[in-house]
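Asks: This is the structure I want to talk about, given as structure tokens.
Residue numbers (our numbering): 190 to 286.
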């Protein structure tokens, strides 16, 4: 579990694991539909350096921060219907009722 918008969330670690095994580079990107409906805007972010690190939890949190940033940039287009906080850390109360 790592923070996502300040709330602990069960998060896949597959990105860091695949990069660690393959040596691939990660170039994050953000895209969003234009308000006038004429297409999409694509923003390539800087390639991640020192990824993966020796700290898998920090790597996963770093990916979550990139996703958070994209959701903040295009909040109406993020998939909010997904119950991101359905799985909870042991002892934590249910997030959804």
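Here a beta-carbon is modelled for each residue, glycine too, at the ideal position from N, C-alpha and C.
On a predicted model such as this, the values are computed, not experimentally measured, just so you know.
DSSP three-state label for residue 198, please.
Replies: Note: residue 198 maps to strand in three-state DSSP.
Asks: In chain order, what residues of the same chain have a beta carbon less than 7 Å from the beta carbon of residue 218, not counting five sequence neighbours either side?
Replies: For residue 218, where only same-chain residues beyond five positions count, the Cβ hits under 7 Å are 231, 232, 233 and 234.
Asks: Going by beta carbon distance, what residues of the same chain come within less than 7 Å of residue 236, once the five residues before and after it are set aside?
Replies: Here the set comprises 214, 215 and 216.
Asks: Contact defined as beta carbons within less than 8 Å: I believe residue 284 pairs with residue 275. What is the distance between those atoms, to the nearest angstrom?
Replies: The pair is a contact, with the Cβ atoms about 7 Å apart (cut-off 8 Å).
Asks: For residue 230, does the three-state DSSP call read helix, strand or coil?
Replies: In the structure shown, residue 230 sits in a strand (DSSP, three-state: E or B).
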